[in-house]
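Heads up, the sequence shown is in the UniProt record's numbering, so the first residue is 1 and it goes up one at a time. Cβ coordinates follow ideal geometry from the N, Cα and C atoms, glycine included.
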Amino acid sequence: MSASPTHRRIGRIPVVDVAPVVDGGNRPAKSVVGEEFEVTATVFREGHDAVNATVVLVDPAGRERRLPMTRVNAGLDAWAVTVSADSAGLWSYGIEGWSDPYGTWNHDAVIKVGAGVDVELMLEEGARVLERAVAEVVRTKEQVAVLDDAAAALRDTATSPEVRLNAGLSSSVVRELRERPLREHVSATPRTPWLVERERALYGAWYEFFPRSEGAHFDEAAGGWVSGTFRTAAERLDAVAGMGFDVIYLTPIHPIGRINRKGANNSLRANESDPGSPYAIGSADGGHDAIHPDLGTFDDFDAFVERARGLGMEVALDIALNCAPDHPWVAEHPEWFTTRADGSIAYAENPPKKYQDIYPLNFDNDPEGIYAEVRRIIQLWIDHGVTIFRVDNPHTKPVEFWEWLIADVAQDHPEIIWLAEAFTRPPMMHNLAKVGFQQSYTYYAWRHSKAEIEEYLRELSGPAAAYMRPSFWPTTHDILTPFMQRSGPPGWVMRAALAATLVPTYGIYAGYELVENVARPGAEEQIDNEKYQYKNRRWAERGEQSLAPFLTRLNEIRRAHPALHWLRNLRFHSADDPEVLVFSKARRVYDRDDVILVVANLDPSQTRETTIRLDMPELGLGWTDTFVAHDLITGQHWNWGQNAFVRLGPETEAVHIIHVRPY
């Protein structure tokens with residue numbers, strides 16, 4: 001009977017349930033260079049003969065590498081192997097299931113020779129299996145000698161059956177046949193695409209600011225505000241780099257529309273001096289391919305980028321495909337927008353929010369024209385040194401557009417990273433990641449209880465980690481949750497520490513250092529929001545009030561401990577107090593283990609005393625071992641074991657970030 005043409009034949013040795021596979025192999029699984037993850041499959045066969053499995057890794061040049069898999073659950077026929085890639089590019093992997101003649105003989109011979117059944121027959125069959133392994137698999141002279149010597153020993157009747165059997169079961173024989181096995185009935189799965197990207201796609205610390213606020217000041221003589229520029233914003237870069245941030249993220253830097261311009265606190269009536277929202281892009285001064293005249297010129301922008309690079313930071317630019325009513329596109333391409341029944345162009349809405357100063361693009365009227373224009377704009381900013389794009393509201397544009405754009409850019413610029421600012425329904429967020437976005441904003445800002453955090457992080461660090469990389473932000477210029485409004489400095493310290501350690505990429509919005517926690521009435525965002533006005537934070541005068549030293553220490557810890565650079569190594573532990581969260585991350589680096597243990601009091605209003613219960617094997621230790629718990633924040637040391645007492649609170653510290661050091 002032939003298989004249906006719509007189904008793949010299962011193969012002589014069935015291999016099923018391969019993971020990770022994204023959308024049936026239609027989308028690539030993702031990792032970064034050096035990142036380890038587990039490939040798993042179910043491999044089985046009829047009867048009792050032994051089966052085995054191999055993963056085949058194929059690099060971008062087409063070179064193959066085979067790694068043996070390990071059966072991790074015999075009852076479920078589950079197999080696994082840890083893999084990683086040493087270079088960026090489009091890789092693939094597949095699983096080969098195969099019948100294992102040596103494994104079958106090994107199992108049967110131990111039983112039968114031990115019971116005195118068919119002893120000579122079993123020893124002869126073992127010698128013949130080893131001879132086949134020599135004849136059918138390419139080996140060096142030294143490798144051949146290991147198997148030839150064992151075959152001869154199996155036939156050496158001058159020694160006891162036990163000694164002869166042990167020769168065929170020796171560790172050197174087992175090792176040789178694990179590395180270069182004799183395989184029968186090899187059955188291969190289709191190859192799964194695997195996209196390997198640079199480390200910044202997974203790991204990095206971001207700092208967001210509005211360039212116009214850095215250096216902005218009120219001119220008493222003129223009676224109005226003077227905008228900051230790229231030149232004055234560049235003066236802030238030393239402090240940002242000094243805190244250890246890897247990415248400086250700029251909100252939109254383009255001309256801002258005059259028509260329907262918003263005033264302070266989202267007022268519908270703007271004064272002449274109100275700068276307007278930088279997300280209402282476009283005016284007589286230009287659109288997405290222009291720089292706001294107040295900020296300077298392209299030469300000034302280039303100097304800003306060069307200064308950031310010199311300090312070890314990349315520049316991320318906000319891409320907001322929004323248009324003010326006076327954007328050049330409105331006159332030049334009215335077909336790119338939605339015209340309502342009364343002849344007006346529809347402005348953006350996200351009920352109950354209204355954005356009268358913004359016209360959204362309609363991709364259905366002239367997709368070819370819009371695609372080409374956006375691609376041109378992206379290239380312009382790449383040519384001026386931008387390597388990362390934070391995309392505003394990508395879920396309000398067609399997913400197929402992003403799939404095309406990101407892939408098209410990657411052909412010539414695979415180093416470019418895209419962050420999706422999509423606070424929306426999970427299917428959209430997940431599919432934006434699948435079609436190309438390297439990173440995604442998340443619901444972290446709204447996950448506060450222990451149960452919520454653990455459930456959400458198990459999702460993000462589990463199967464979803466094969467394609468979606470979370471970016472955690474405690475606040476943004478749009479988000480100031482009730483928790484952040486009322487928790488004060490202890491809460492802000494705790495939320496920054498969790499963001500920085502739970503996931504590899506996190507970010508803060510300028511002003512976090514100063515605990516800017518006053519909300520606009522009726523809204524989950526700051527009062528006097530920087531989206532609608534300038535903000536002079538007077539950094540030099542606020543040093544004693546700042547959380548900058550704590551953020552600096554967080555980033556120092558992140559850089560020093562590679563365990564915090566990965567996502568899929570997150571493991572949760574338990575605590576008697578439901579307000580205390582405990583988790584760890586471990587990573588093997590060369591010949592040592594880097595293990596970080598985090599203990600956090602989720603209740604910033606009061607001190608918590610409790611006992612934590614550690615899963616010691618997850619820390620690379622035995623259940624009865626003890627270790628030095630070195631707090632990387634305070635420098636304190638304790639002697640901890642499986643159960644340890646902790647005391648965390650506003651008058652002490654909100655979080656322990658522990659380096660686990662075995663005795």
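Here the stretch 466 to 474 lies against the stretch 22 to 32, with 3 or more beta-carbon pairs under 8 Å apart. Apart from sequence neighbours up to five positions away, the residues of its chain that approach Pro398 with a beta-carbon distance below 7 Å are Phe363, ordered along the chain. DSSP places Lys450 within a helical segment (H, G or I) once states are collapsed to three.
With fewer than three CB-CB distances shorter than 8 Å, the stretch 102 to 117 does not count as touching the stretch 58 to 73.
Below 8 Å, too few C-beta pairs join the stretch 585 to 599 and the stretch 514 to 525 to call them touching: fewer than three. Judged by DSSP secondary structure, His630 falls outside any alpha helix (DSSP H) and instead within the beta strand (DSSP E) spanning 627 to 631. In the DSSP assignment, Lys262 is bridged to no other residue. If only complete runs of 3 or more residues are kept, the stretch 81 to 166 shows the beta strand (DSSP E) at 89 to 99, in order along the chain. In the three-state reduction of the DSSP assignment, Leu514 falls in the helix class. One Cα belongs to Thr70, the other to Ala80, and the distance between them is close to 5 Å. When DSSP reads this structure, Thr339 sits in a beta bridge with Ile345.
Residue environment for Pro101: buried (at least 16 other C-beta atoms within 10 angstroms of its C-beta). The beta-bridge partner set that DSSP reports for Lys30 consists of Leu195.
Residue state for Gln439 is assigned as strand, using DSSP reduced to three classes. Counting every other CB atom within 10 Å of its CB across the protein chains shown gives Asp342 a total below 16, marking it as exposed. Taken through DSSP and simplified to helix, strand or coil, Val173 comes out as helix. Going by C-alpha positions, Thr40 is about 24 Å away from Gly436. When C-alpha distances from Arg200 are compared across Phe423, Ile345, Gly97, Phe245, the shortest belongs to Phe245. Excluding sequence positions up to five before and after Asp59, its CB lies within less than 6 Å of the CB of Trp91, all in the same chain and listed in chain order. Short of 7 Å from the beta carbon of Glu454, and not among the five residues preceding or following it, lie these beta carbons of its own chain, in chain order: Phe572. DSSP lists no beta-bridge partner residue for Trp404. Among the bridge pairs identified by DSSP, Gly224 is matched with Asp219. Val315 sits close to Leu250, with the two beta carbons spaced by under 8 Å. About 6 Å separates the Cβ atoms of Asn517 and Met484, confirming a contact at the 8 Å cut-off.
Per the C-alpha coordinates, the member of Val582, Leu419, Asp576, His448 positioned closest to Tyr506 is Leu419.
Cβ-Cβ distances below 8 Å link Asp603 to Glu579 in the same chain, with the five nearest sequence neighbours on each side left out; the list follows chain order. The DSSP-derived three-state label of His565 is helix. Within the DSSP secondary-structure output, Gly507 pairs in a beta bridge with Trp206.
Counting other Cβ atoms within 10 Å of its Cβ, Arg164 reaches 16 or more and is therefore classed as buried. Fewer than three Cβ pairs drawn from the stretch 557 to 564 and the stretch 269 to 283 lie within less than 8 Å of each other, which leaves the two stretches out of contact. Counting along the chain, the unbroken beta strand (DSSP E) around Ile319 starts and ends at 314 to 319. Restricting attention to Lys141, Asp108, Met428, Ala451, the CA atom closest to the CA of Tyr441 is found in Met428.
If you look at Phe245, you'll find it isn't in any alpha helix (DSSP H); DSSP assigns it neither H nor E. Residues of the same chain with a CB within less than 6 Å of the CB of Thr607, apart from the 5 flanking positions on each side, are Gly649 in chain order.
Inclusion of Phe230 and Leu317 in the CB contact set at 8 Å is not warranted, their separation being larger than that value.
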